[in-house]
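Chains as they are written, first to last, in this note's numbering: chain D, 1 to 219; chain A, 1 to 219.
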DNA sequence: ATAAAAATTTAGGCAAATCTAAAAATGATT
DNA sequence: AATCATTTTTAGATTTGCCTAAATTTTTAT
């Protein structure tokens, strides 16, 4: 129930993204993700432990405790709701929204979060296709098939991206791939498992890596 | 162009609210508004002066310089746009929104601000009836205020009608409303934004639609 | 198994924003 | 014009989040 500082929230979020809700997370991994130094992370881990938000044994790593998980998931919920708002209501491109959502996710008001969710029609997935946890912290189910799992000659619809780095988003933006698009897989190259696909009446080749980062639904 | 800290922004805003764009503002007045101590304010004033955002002579008070004015007005613009969003899109009551808007006003993204404004239909007044400065920092003229933009407990004079259909003119004639009449707004109903007004020693209720079509001047 | 490498923590400091208490400047009053 | 009250600033600390450099622990490799 204690109100966390913006920095504390970002640490919880980082631990959550690296290790999820159960895996041990290294100090250096956190430092790298937050562009800070290991020594700084150690300081903060001691503080978060004292607030009972994380488990932490010096030299052994850290993981979220239940209070920490709740906080981290609540921030994620806000982040994805705001991204949905930015894309669906303000017509931002889905590559542009992350930075702004990073700020908006720290706004403190559960009332606001819930009204925003209602305004957006209680969305379960954000514009990247990532699941939006409910206010109780439950994630909606989804078929997690990626494009690289698909047999040749199948038609699929793009449901989301796994890798939401700017690089990847830019890449697929360049190809013109958007949520809801249909893609037909023509063939798969034995050698490097790259795919020959047909998309918007064009044929081109997608690397295995790119395909592995596109969530799809088979049609 | 320099990015200001949240605290610096709040100081500029406070100076703006107390002294507007030209009046000298006392250290104590700022301390009171920000619930802080005079000594703290002195420190910050020295810092803001160094950044050339304010004029400041020890013991003499402070006032905004042009850069400071621009920043303060930009924050005000964001605050009022967000309030409009919260009330009009998320159906908050207009008493509840201030605290949330205080947080949202610090989100850094001009792109976001401008798209929000567009999404709201380029509003010129917020739900309290306060003017929303343009992105160039220009305040809209108050001439075109309609009765629905007015705060409760304000007295106004009828200056004209927006809708000049026979139906509307007949309606206000039936109520006995004429140009130059004084109307006092007693309260605004949350539910449908209808107004309880006092006019010619009578109290009655006006719909939000009727109020939106009456141009008024605040007294 | 032991030394080298890597990861992590400790120690000591710095900047921002805050505070209290004391000193200084201003202004108001006789 | 001298004093007293008020306002403001200065001085010295504190907290938070961050840093570098040195010390320590863990892991890896000979």
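Built from N, CA and C at the ideal position, the CB exists for glycine as well.
Inset, instruction - Alpha carbon to alpha carbon, how far is residue 95/A from residue 84/D? Give it in angstroms, no decimals. - result: Within the first chain, the letter at position 84 stands for residue 84/D. Within the second chain, the letter at position 95 stands for residue 95/A. When rounded, the distance between both Cα atoms is 27 Å.
Inset, instruction - Taking residue 180/D as the reference, give the member of 206/D, 65/D, 214/D and 166/D with the closest Cα. - result: Position 180 of the first chain holds residue 180/D. The candidate whose alpha carbon is nearest that of residue 180/D is 214/D.
Legend entry - Nearest-angstrom Cα separation, counted from residue 50/D out to residue 98/D: Sequence index remark: in the first chain, residue 98/D carries index 98 (1-based). Sequence index remark: in the first chain, residue 50/D carries index 50 (1-based). Going from the Cα of residue 98/D to the Cα of residue 50/D covers about 31 Å.
Legend entry - Any chain D beta carbon closer than 8 Å to residue 104/A: Counting from one through the second chain, the residue named residue 104/A turns up at place 104. Answer yes: the Cβ-Cβ gap between residue 104/A and chain D drops below 8 Å somewhere.
Inset, instruction - Would you decide whether residue 178/A is buried or exposed? Buried here means 16 or more other CB atoms lie within 10 Å of its CB. - result: Numbered from 1 along the second chain, position 178 holds the residue referred to as residue 178/A. Residue 178/A comes out exposed.
Inset, instruction - Can you tell me which of the three DSSP states residue 74/A falls into? - result: Translated into positions along the second chain, residue 74/A becomes position 74. Looking at residue 74/A - three-state DSSP - the assignment turns out to be helix.
Legend entry - Helix, strand or coil at residue 92/A [DSSP, three-state]: Mapped onto the second chain, residue 92/A falls at position 92. Residue 92/A: coil per DSSP, three-state reduction.
Legend entry - Buried or exposed by the 16-neighbour rule on C-beta atoms within 10 Å, applied to residue 101/A: Walking along the second chain from the start, residue 101/A turns up at place 101. Looking at its Cβ environment, which holds 16 or more other Cβ atoms inside 10 Å, residue 101/A is buried.
Inset, instruction - Have a look at 148/A, 35/A and 140/A and flag the residue whose alpha-carbon is nearest the alpha-carbon of residue 10/A. - result: By 1-based counting over the second chain, the position of residue 10/A is 10. If we check each option's Cα against that of residue 10/A, 35/A comes out closest.
Legend entry - Closest by C-alpha distance to residue 186/A, when choosing among 197/A, 122/A, 193/A and 176/A: Taking the first residue of the second chain as position 1, residue 186/A is located at position 186. Checking every option, the nearest Cα to that of residue 186/A belongs to 197/A.
Legend entry - Cα-Cα separation, residue 14/D to residue 30/D: If you number the first chain from 1, residue 14/D lands on position 14. If you number the first chain from 1, residue 30/D lands on position 30. Computed Cα separation, rounded: 6 Å.
Inset, instruction - Grab me the residues of residue 81/A's own chain with a C-beta within less than 8 Å of its C-beta, minus the 5 sequence neighbours each way, in chain order. - result: Stepping through the second chain from its first residue, residue 81/A is reached at position 81. Here the set comprises 113, 116, 117, 120, 123, 126 and 132.
Inset, instruction - Closer than 9 Å by beta-carbon distance: list the chain A residues that pair up with residue 119/D, in chain order. - result: Locating residue 119/D in the first chain gives position 119, counting from the first residue. Going along chain A in sequence order, the residues near residue 119/D (Cβ under 9 Å) are 89, 90 and 91.
Inset, instruction - Closer than 7 Å, Cβ to Cβ, to anything on chain A: give me those residues from the stretch 149-162 of chain D, in chain order. - result: none
Inset, instruction - Measure the beta-carbon distance from residue 63/A to residue 93/A and round it to whole angstroms, keeping in mind my assumption that it falls under 8 Å. - result: Position 63 of the second chain, counted from the start, is the residue given in the question as residue 63/A. Position 93 of the second chain, counted from the start, is the residue given in the question as residue 93/A. That pair is no contact at about 35 Å.
Inset, instruction - Output yes if chain A places a C-beta closer than 8 Å to the C-beta of residue 109/D; else output no. - result: Working through the first chain from its first residue, we reach residue 109/D at position 109. Answer yes: the Cβ-Cβ gap between residue 109/D and chain A drops below 8 Å somewhere.
Legend entry - residue 91/A classed as buried or exposed, judged by whether at least 16 other C-beta atoms fall within 10 angstroms: Walking along the second chain from the start, residue 91/A turns up at place 91. Answer is exposed; the Cβ neighbour count stays below 16.
Inset, instruction - Answer yes or no: the CB of residue 105/A versus the heavy atoms of the ligand MN, is any distance below 7 Å? - result: This structure lacks the ligand MN; in fact it carries no ligand of any kind.
Inset, instruction - Would you kindly check if the distance between the Cβ of residue 68/D and the Cβ of residue 12/D is under 8 Å? - result: What you label residue 12/D is simply residue 12 of the first chain in a count that begins at 1. What you label residue 68/D is simply residue 68 of the first chain in a count that begins at 1. Yes, the pair counts as a contact, with Cβ atoms nearer than the cut-off.
Inset, instruction - Return the residue from the list 41/A, 71/A, 24/A and 25/A that minimises the CA-CA distance to residue 4/A. - result: Position 4 of the second chain, counted from the first residue, corresponds to residue 4/A. The shortest Cα separation from residue 4/A among 41/A, 71/A, 24/A and 25/A belongs to 71/A.
Inset, instruction - Using a Cβ cut-off of 7 Å, pull out every chain D residue sitting near residue 75/A, in sequence order please. - result: In the second chain, counting from the first residue as 1, residue 75/A sits at position 75. Within 7 Å Cβ-Cβ: nothing; residue 75/A doesn't reach chain D, min ~14 Å.
Legend entry - residue 115/A at chain D interface by Cβ criterion, 8 Å: Looking up residue 115/A in the second chain gives position 115. Yes, its Cβ sits closer than 8 Å to a Cβ of chain D.
Inset, instruction - From the DSSP output, in three-state form, read off residue 61/A for me. - result: The residue given as residue 61/A occupies position 61 in the second chain. Residue state, collapsed to three classes: strand.
Inset, instruction - Count the other CB atoms, across all protein chains shown, that sit within 10 Å of the CB of residue 16/D; report buried if there are 16 or more and exposed otherwise. - result: As a first step, residue 16/D must be located in the first chain, where it is residue number 16. The residue is buried, with at least 16 neighbouring Cβ atoms inside 10 Å.
Legend entry - Cβ pair residue 159/A, residue 89/A closer than 8 Å: Along the second chain, read from residue 1 onward, the residue named residue 159/A stands at position 159. Along the second chain, read from residue 1 onward, the residue named residue 89/A stands at position 89. Not a contact, by the Cβ cut-off of 8 Å.
Inset, instruction - Taking only the alpha-carbon atoms, compute the straight-line gap between residue 173/A and residue 137/A and give it to the nearest angstrom. - result: Sequence index remark: in the second chain, residue 173/A carries index 173 (1-based). Sequence index remark: in the second chain, residue 137/A carries index 137 (1-based). Distance between the alpha carbons of residue 173/A and residue 137/A is about 39 Å.
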